[in-house]
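Numbering (our numbering), first residue to last: -4 to 114.
In what follows, a single structure is set out as structure tokens and then discussed.
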Amino acid sequence: PWELFSRMRETDMVFLDISRELRARHLVGDYAQYGQGELRTCVLKIEKRLGGDRTREALEAIDQEDYYQTAMITLHYYDKAYMYSLEKNHEHYQVLSSLDVDPVHNAELLILYEKERGF
-4 PWELFSRMRE TDMVFLDISR ELRARHLVGD YAQYGQGELR TCVLKIEKRL
46 GGDRTREALE AIDQEDYYQT AMITLHYYDK AYMYSLEKNH EHYQVLSSLD
96 VDPVHNAELL ILYEKERGF
């Protein structure tokens, strides 16, 4: 609904900052099981945004079964797109760093953060 979307854009946002390296390792665990063909198809879908060199590097990494490098290359694109959207759509946002990709740990971290802010 428009009202919910509008309120989400007006409220303060918390950006959970987790290192690209840690997220890449996590993504390998999630996506390497899909195999080279499916991963190549996914990379080719974002080829225009990745650019020729990065696409070629990602495809070579897939061919070499270097899924960590593939994740690092694609995260560069996704991080850039996400930050652009965040800065465009949210005037105010707080950065909260985490050393973990575990959703339960990060939920607890966010709850603690909000309690410290008085929410």
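Glycine residues also receive a C-beta, built at the ideal position from the N, C-alpha and C atoms.
Sixteen is the threshold: when 16 or more other Cβ atoms of the shown chains lie within 10 Å of the Cβ of MET67, as they do, the residue is buried. Its Cα nearest to that of LEU91, the residue VAL9 stands out among ARG2, VAL9, GLU5.
The shortest CA-to-CA distance from ASP95 to any of LEU(-1), PRO(-4), THR69, LEU22 is the one to LEU22.
Annotation for ASP74: no residue places its beta carbon closer than 6 Å to its own, counting only its chain and skipping 5 residues before and after.
In this structure, THR65 sits near LEU34, with a CB-CB distance shorter than 8 Å. Cα atoms of TYR63 and TYR79: separation of roughly 24 Å, rounded to the nearest angstrom. By the neighbour-count criterion, in which a residue is buried when 16 or more other Cβ atoms sit within 10 angstroms of its Cβ, LEU81 is exposed.
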